[in-house]
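Heads up: the structure comes next, in structure tokens.
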Amino acid sequence: MTIVYDQYTLVVRMTPAQCRAACGLLGWTAADLARAASVSVFTICNFEAERSVPDPAIMRSMRHAFEGAGIRFDDAAAGVRVSLRDP
11 MTIVYDQYTL
21 VVRMTPAQCR
31 AACGLLGWTA
41 ADLARAASVS
51 VFTICNFEAE
61 RSVPDPAIMR
71 SMRHAFEGAG
81 IRFDDAAAGV
91 RVSLRDP
């Protein structure tokens, strides 16, 4: 199965790799992100494993959960860089 992320990264700007990186920076599991974003663990696991792409509303919820926990998505960088905000 080939999944094209470009249409979603233009809307939400987050790839599965960036999702995994953000979880890693926070020390979150898929269940932690699922709780914070109010989505299913199944959705998170499938996205991180590149098996499916959630709809844009779910992607926004995931990114909002990350940003609320201190993750910064630097959209100005080549691609999108994921980092923790300075305290």
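Letter 31 of the sequence shown, counting from 1, is numbered 41 in the working numbering, and no numbers are missing. Quick reminder that beta carbons are idealized off the backbone N, C-alpha and C, glycines included. Every value quoted in this text rests on a predicted model; they were computed, and no experiment measured them.
It is roughly 13 Å from the alpha-carbon of Asn-56 to the alpha-carbon of Met-72. Spanning the alpha carbons of Ala-27 and Val-49 requires a straight line of approximately 18 Å.
Within 10 angstroms of the beta-carbon of Leu-43 lie 16 or more other beta-carbons, which makes it buried. Counting only residues of its own chain and dropping the five nearest sequence neighbours on each side, Gly-34 has no CB closer than 7 Å to any other CB. The DSSP assignment places complete alpha helix (DSSP H) segments of no fewer than 4 residues inside the segment 60 to 89 at 66 to 78, in order along the chain. Scanning Arg-95, Phe-52, Met-24 for the CA closest to the CA of Gly-80 turns up Arg-95.
The beta carbon of Ile-68 is closer than 6 Å to those of Val-49 in its chain, skipping five residues each way along the sequence.
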